[in-house]
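So the protein lines, in turn, are chains A and B.
Okay, so the first sequence: first residue is 1 according to this note's numbering, each after it adds one.
Okay, so the second sequence: first residue is 1001 according to this note's numbering, each after it adds one.
Glycine included, C-beta positions come from ideal geometry on N, C-alpha and C.
Take a look at the structure below.
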Amino acid sequence: MIDERPMDTRVVESCQQGDRESFRLLFETHKDKVYSIALYFFGGDAALAGDITQQVFLKLFTRIGQFRHQSEFTTWLYRLTTNTCIDEQRKRRRFRPFPESLPYAKVNTLPAAEARFMRLEIADTVRDAIAGLKPKLRIAILLKYFEELSYEEIAQVLNCSKGTVASRLNRGHRILAQRLGHLRADVLSGD
Amino acid sequence: MLGQHVNKQLSPYAHGELPAPEAERVSAHLEGCERCRTEFAEITYGIRLAESLALRSAPSNLWDGIEAALSHETLPQDQTAHHITQERKTRDGWRFGWRISWLSGWRPALAASVVLLFVLGAGGGWFYLRSTRTTWEVARLAGAPLIGAGRINSTGRLGIGEWLETDANSRAQIKVADIGQVEIDPGTRIRLVETRLTEHRLELARGRMHATIFAPPRLFFVDTPSAVAADLGCAYTLEVDDQGRSLLHVTSGWVAFETKDRESMVPAGAACSTQPGAGPGTPYFEDASELFLDALSKFDFSGGGADAVQIVLAEARARDTLTLWHLLARVEGDERSRVYERLAALARPPASVTREGIMLLDPAMLYEWKAQMEPTWLTESMPEVRRTWRKLWSDRDAPGLIKSAKDYLR
């Protein structure tokens, strides 16, 4: 008889039975998205993103017995990812008063000749700009564009209303557009 | 009629998240409202920017760290702090549990120990997960420190095996897992060797670092070219010159400066030098006389022999019993006898400590005498919790745990 339950459900149940292979499968299935969220959340810091990814999956595996299948597994996973990123952000602030904002003024005052970014450079610049957003806006953007979650799903992950999600995405889009206005021609010429 | 502006619905509209009637209303409004059209252009440009983000592949070695951590767990389980604490006790060799049983007559220590255990238990889960991290956070304090070949802007991450370097104008701060921090002075080269639950280790190749650690003893180590500094819950400065010589200066608590076959116990206010090939010298208080310090240096590193020892003994004050106690195991025969005499004159040994026993380097007697002299060496007031912590740890030095005095004190 064919098991028609979603793959994640079956794998999660196997994990709850302590099956190490299923842990590995779950990790391989979701690691890139978790890593990418952490990477972009922390402005491209690959080592920190790796740390965060390990923390997320360690927490996931040690708490998986608590998962009751009352919500989507991915909602639970991305909530864990979000909370881990935001917790880390708070700890970093406690450790040292690091300047959080990026030197946008410097970017904006580059001579025109130097401002001709190649496509990959645009992506890096966007990454840096996203890292400069407030964490609540940042995580909403990352969940939308990496996980391709709906507003309803993002609301579940962030434990807020759809209206709040819409508002955060709106603000995030507007800030990105304003801060990276100097790239408009390069971005739109790629159409 | 245009109705209300639709600026709040623009992102959901662009993403197709609005119900059909609402989407139609927004569409109609945009046709007639230039302000909202302008804003919609901004939003769609922001969306285009966000869409340029590409999914990145996680490094292939991430699973190794997870698997290693999981290997210590019985899964699945509800990972309560209790579970983790029990796990740590057995895995890490923290022996607080059985130590309490034979400290039961000592009520204040027992009470403080219970508090300590509670703190450890409550923090165990948090500490466990935090300790599984494989990189340390680095903050730039001045100039342009490097991790590998990359400059640190405001922060960076130091991975295992990576070097952190500061030039003449740079300074940096390393967060040591969750147990403290290290400040790096200009002209320093330092590497993260290991970070795991039971050991955090740096290698200082040259330069100067200032460590502030609050953790169980022997969790944090710094390798230098000529000795290892083992933290016993303290603050200290450690520097290494271009010849691989080191100088340790302890500002709080205790540090063990050691090689495979020699150990110097250095309390707050004291210092200790090392040289390649010679290992850690004899610890001393920096306010000792110049003659004393010069003779001790000759004894440790220049073959000063009996003449140097003679000067050290003549110049020693009550506080310099720290140095004399260490000298006992570093000299032999008549010299040891002379050191004993001078030490006994400055700090009368307990009744249970005999000359014969000390001449044979009896571990129990050495330990007992040292314990009696320690208050003379300590200049800082020690909070009760720290005192208890140290007392618990100092039981490591208890007679039954020392195989031989030479192992401990050469």
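(request) Within the region 1251 to 1283 of chain B, note down every full beta strand (DSSP E) run reaching 3 residues or more, in order along the chain. (result) Qualifying beta strand (DSSP E) stretches, in chain order: 1254 to 1259, 1262 to 1267, 1270 to 1275.
(message) Under DSSP, the beta strand (DSSP E) around B:A1058 begins and ends at which residues?
(response) Careful: B:A1058 lies outside any beta strand (DSSP E) and carries neither H nor E.
(request) Using a Cβ-Cβ cut-off of 8 Å, state whether B:F1127 counts as contacting chain A. (result) In this prediction, B:F1127 scores a pLDDT of 48, lower than 50, which makes its location untrustworthy; the coordinate-derived value is nonetheless stated afterwards. No, because no Cβ of chain A sits closer than 8 Å to the Cβ of B:F1127.
(message) For B:H1326, tell me which candidate among B:P1267, B:D1287, B:P1276, B:S1352 has the shortest Cα-Cα distance.
(response) Minimum Cα distance to B:H1326 is reached at B:P1267.
(request) Going by CA-CA distance only, name the one from A:S22, A:L149, A:G181, A:D186 that's closest to A:L169. (result) Among A:S22, A:L149, A:G181, A:D186, the Cα nearest to that of A:L169 belongs to A:L149.
(request) Would you kindly report the start and end of the unbroken alpha helix (DSSP H) that includes A:E152? (result) 151 to 158 is the extent of the alpha helix (DSSP H) around A:E152.
(message) I'd like to know if B:W1369 contacts chain A, where contact means its C-beta is closer than 8 Å to some C-beta of that chain.
(response) It does not; no Cβ of chain A falls within 8 Å.
(message) Contact criterion: CB-CB distance below 8 Å. Does B:T1132 meet it with respect to chain A?
(response) Because B:T1132 sits at a pLDDT of 48, beneath the cut-off of 50, its placement in the model cannot be relied upon, and the following sentence gives the value as read from the coordinates. Interface annotation, B:T1132: in contact with chain A, CB-CB separation under 8 Å.
(request) Output the distance between the C-alpha atoms of B:H1270 and B:H1249, rounded to the nearest integer angstrom. (result) In the sequence under discussion, the amino acid at residue 1270 of chain B is Ala, which differs from the His named in the question. Taking the straight line from one Cα to the other gives about 6 Å.
(request) Report yes if the C-beta distance between A:I52 and A:C15 is below 8 Å; otherwise report no. (result) In this structure, A:C15 does not lie closer than 8 Å to A:I52 by Cβ.
(message) Let's test the definition: count the other Cβ atoms within 10 Å of the Cβ of B:E1039 and tell me whether it reaches 16, buried, or not, exposed.
(response) Burial call: buried.
(request) Within 10 angstroms of the Cβ of B:T1354, are there 16 or more other Cβ atoms? Answer buried if so, exposed if not. (result) Sixteen is the threshold: since fewer than 16 other Cβ atoms of the shown chains lie within 10 Å of the Cβ of B:T1354, the residue is exposed.
(request) Can you tell me the Cβ-Cβ gap for B:A1235 and B:S1252, rounded? I've got them flagged as a contact below 8 Å. (result) Contact flag correct, Cβ pair sits at about 4 Å.
(request) To the nearest angstrom, report how far apart B:H1005 and B:H1029 are at their CA atoms. (result) For B:H1005 and B:H1029, the gap between their C-alpha atoms comes out near 7 Å.
(message) Please list, in chain order, the residues of the region 1041 to 1059 of chain B that have any C-beta partner in chain A closer than 7 Å.
(response) Per Cβ criterion, the list reads E1042, I1043, Y1045, G1046, I1047, R1048, L1049, A1050, E1051, S1052, L1053, A1054, L1055, R1056, S1057, A1058, P1059.
(message) For a cutoff of 8 Å on Cβ pairs, would you count A:Q54 as touching chain B?
(response) Using a CB distance cut-off of 8 Å, A:Q54 counts as an interface residue toward chain B.
(message) By the 9 Å beta-carbon criterion, what residues does the region 1179 to 1204 of chain B contribute toward chain A?
(response) For the region 1179 to 1204 of chain B, residues whose beta-carbon sits nearer than 9 Å to a beta-carbon of chain A comprise Q1181.
(request) Would you kindly check if the distance between the Cβ of B:Y1284 and the Cβ of B:L1291 is under 8 Å? (result) Result no, Cβ atoms of B:L1291 and B:Y1284 do not sit closer than 8 Å.
(request) List the residues of chain B whose Cβ lies closer than 8 Å to the Cβ of A:V187, in chain order. (result) Per Cβ cutoff of 8 Å: Y1045, R1048, L1049, S1052.
(request) Mark B:A1288 as exposed unless 16 or more other C-beta atoms lie within 10 angstroms of its C-beta, in which case mark it buried. (result) With 16 or more neighbouring CB atoms inside 10 Å of its own CB, B:A1288 falls in the buried class.
(request) Drop a sphere of 10 angstroms on the beta-carbon of B:P1276, count the other beta-carbons inside from all chains shown, and report buried for 16 or more, exposed for fewer. (result) Exposed: under 16 other Cβ atoms inside 10 Å.
(request) Output yes if chain A places a C-beta closer than 8 Å to the C-beta of B:T1480; else output no. (result) The shown model of chain B, from 1001 to 1410, leaves out residue 1480 of chain B, and the question about it has no answer.
(message) Whole angstroms are fine: how far does the CA of B:T1135 sit from the CA of A:Y35?
(response) Rounded to the nearest angstrom, the two C-alpha atoms are 15 Å apart.
(request) Compare the C-beta of A:L158 against all C-beta atoms of chain B and say whether one is closer than 8 Å. (result) No, no contact with chain B.
(request) For A:L180, return the contacting residues in chain B, with the cut-off set at a CB-CB distance below 8 Å. (result) Within chain B, the residues whose beta carbon sits less than 8 Å from that of A:L180 are L1049, listed in sequence order.
(message) Is B:A1069 close to chain A? Criterion is C-beta to C-beta, closer than 8 Å.
(response) Interface criterion met: the Cβ of B:A1069 is under 8 Å from a Cβ in chain A.
(message) Counting C-beta neighbours from all protein chains within 10 Å, is the total for A:D87 16 or more, i.e. buried, or is it exposed?
(response) Exposed is the call here.
(request) Out of B:L1055, B:T1282, B:L1146, point me to the one whose CA is closest to B:A1322's CA. (result) Correcting the residue type first, residue 1322 of chain B is Leu in the shown sequence and not Ala. Checking every option, the nearest Cα to that of B:L1322 belongs to B:T1282.
(request) Kindly list the residues whose CB is nearer than 7 Å to the CB of A:Q156, restricted to its own chain and excluding five residues on each side of it in sequence; keep chain order. (result) Closer than 7 Å at Cβ, skipping near neighbours: S71, T75.
(message) Considering Cα atoms alone, identify which of B:D1185, B:V1176, B:L1146, B:V1240 is closest to B:R1206.
(response) It is B:V1240 whose Cα lies nearest to the Cα of B:R1206.
(message) Tell me the rounded alpha-carbon separation between B:L1053 and B:V1193.
(response) Those two C-alpha atoms are separated by around 34 Å.
(request) Find the residues of chain B that neighbour A:K31, judging by a C-beta separation of less than 7 Å, and give them in chain order. (result) By Cβ distance, chain B contributes A1058, L1062.
(request) Drop a sphere of 10 angstroms on the beta-carbon of A:Q178, count the other beta-carbons inside from all chains shown, and report buried for 16 or more, exposed for fewer. (result) Flag for A:Q178 reads exposed.
(message) Looking at B:I1412: is its Cβ nearer than 8 Å to the Cβ of B:F1220?
(response) Any question about residue 1412 of chain B goes unanswered here, given that chain B covers just 1001 to 1410.
(message) In chain order, what are the residue ranges of uninterrupted beta strand (DSSP E) at least 3 long that sit wholly in the region 1169 to 1257 of chain B?
(response) 1171 to 1176, 1180 to 1184, 1189 to 1196, 1199 to 1213, 1220 to 1223, 1228 to 1231, 1235 to 1240, 1246 to 1252, all fully within the region 1169 to 1257 of chain B.
(message) Pairs of beta-carbons, one from the region 19 to 32 of chain A and one from the region 1062 to 1069 of chain B, closer than 8 Å: are there three or more?
(response) Yes, they touch.
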